[in-house]
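Here the working numbering is used: the first residue of the sequence shown is 5, the next is one more, and so on.
Cβ atoms here follow ideal geometry from the backbone N, Cα and C, with glycine treated the same way.
Input: a single structure, listed below in structure tokens.
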Amino acid sequence: MTFNKLVLEQYQDPQRLQTRAEYHQKYGLAPTSLIDWVLNQLPLRGDEKVLDAGCGTGSFLFPLAKRLPKGEIIGIDLVPEMITYIKEKLSPNSNIQVQQADIINLPFADETFDIVMANFVLFHIEDIFAAIAECKRVLKSGGLAVFATNSIHNRGRLESIHRAAQRELSFPEEVIHFPSPFKRFSIEGGGDYLSHHFSWFEVHTLYNQYVVPETEAVLAYYTSGMIDWALKNKNIQVPASRLEQLRQLVAEKVEQIIHEEGGFRESQLSGFFLAHKSE
Numbered sequence: 005m006t007f008n009k010l011v012l013e014q015y016q017d018p019q020r021l022q023t024r025a026e027y028h029q030k031y032g033l034a035p036t037s038l039i040d041w042v043l044n045q046l047p048l049r050g051d052e053k054v055l056d057a058g059c060g061t062g063s064f065l066f067p068l069a070k071r072l073p074k075g076e077i078i079g080i081d082l083v084p085e086m087i088t089y090i091k092e093k094l095s096p097n098s099n100i101q102v103q104q105a106d107i108i109n110l111p112f113a114d115e116t117f118d119i120v121m122a123n124f125v126l127f128h129i130e131d132i133f134a135a136i137a138e139c140k141r142v143l144k145s146g147g148l149a150v151f152a153t154n155s156i157h158n159r160g161r162l163e164s165i166h167r168a169a170q171r172e173l174s175f176p177e178e179v180i181h182f183p184s185p186f187k188r189f190s191i192e193g194g195g196d197y198l199s200h201h202f203s204w205f206e207v208h209t210l211y212n213q214y215v216v217p218e219t220e221a222v223l224a225y226y227t228s229g230m231i232d233w234a235l236k237n238k239n240i241q242v243p244a245s246r247l248e249q250l251r252q253l254v255a256e257k258v259e260q261i262i263h264e265e266g267g268f269r270e271s272q273l274s275g276f277f278l279a280h281k282s283e
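Next up, the structure:
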């Protein structure tokens, strides 16, 4: 299955992505949300023209609109359901516009935007170099490019439980050992891609911890993507009853941890690359 088909299938239900966003917002211990932390570090005037490439459910779009009252914010996403989801939330006089488009073929002229963002999206793109090149192309000289992502070590505890449960249920080895897609463009390795397009850039990081007191909250996050990503990538079909067995076994393991520790704890390192386009 191609990357685009995987993304279209994985995110055709916007609630899956929204579940993850709410999980991070509700259970993270950092005093500031990741989105506010990113935006707080950008030198915004209030009138910029911004592109959010891979805007999802609008996690960055709506906070940007509040910070840029005289600005123009454009969001694009490959998944039509995401665009519909955002349009239903827009007020009549919003300074947000959204449209379906592909990040490797952006429908904008050269040097259109003051800021271009592609946050938590590049690891989903088959040709990461091409996506970064397109972001740079539509960025004005002197403009800023923002690429937020995660560490390769994030979700380590939940991934270990996931793999252990798969092994107990005799899932195929190629599924058990399938690497997380989020490791393709990470805090640790993203610079290797950016250095081909930008002569210099900054890396900002934020360490956070999550303490989740309810098993169902962890399970909602787990079933929003991790549970079946490898199966879909490998195009392996399993009965719904088998996935339910996997979900139940993971639930038992998480429940035991919460019983022993008072909560399910994970650490997370997130951050963003801030690149400047030379004038």
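Q) For Asp81, does the count of other Cβ atoms within 10 angstroms reach 16, so buried, or fall short, so exposed? A) Under this definition Asp81 is a buried residue.
Q) With 16 as the cutoff for other CB atoms within 10 Å, does Ala113 come out buried or exposed? A) That one is exposed.
Q.
What ranges does the alpha helix (DSSP H) occupy inside the segment 21-87, keeping only unbroken runs of at least 4 residues that lie completely in it?
A. Segments of the alpha helix (DSSP H) lying fully in the segment 21-87: 38-44 and 65-71.
Q) Given a threshold of 16 other Cβ atoms within 10 Å of its Cβ, counted over all protein chains shown, does Tyr31 qualify as buried or as exposed? A) buried
Q: Let me know the secondary structure DSSP gives Asn154 once reduced to three states.
A: strand
Q. According to DSSP, is Arg167 helix, strand or coil?
A. For Arg167, the three-state secondary structure derived from DSSP is helix.
Q: Would you identify the three-state DSSP class for Gly160, choosing helix, strand or coil?
A: helix
Q) For the putative contact between Val207 and Ile231, defined by C-beta atoms under 8 Å, what is the C-beta separation to the nearest angstrom? A) Not a contact, Cβ separation roughly 31 Å.
Q: Indicate whether at least one CB of chain D lies closer than 8 Å to the CB of Ser63.
A: Of the chains in the structure shown, none is chain D; there is only one protein chain.
Q | Contact belief for Gly275 with Thr209 at Cβ below 8 Å, rounded distance in angstroms | A | A Cβ-Cβ separation of about 4 Å places Gly275 in contact with Thr209 under the 8 Å criterion.
Q.
Applying the 10 Å Cβ sphere with the 16-neighbour rule, what's the burial state of Arg246?
A. exposed
Q | Among Ile100, Glu85, Met86 and Ala57, the one whose alpha carbon lies nearest that of Leu72 | A | Ile100
Q: Just grab the DSSP bridge partners of Thr289 for me.
A: The chain is shown only over 5 to 283; residue 289 falls outside these bounds and no answer can be derived.
Q) Relative to the ligand NAD, is the shortest distance from any of its heavy atoms to the C-beta of Glu85 smaller than 7 Å? A) The ligand NAD is not among the ligands present in this structure, which contains no ligands whatsoever.
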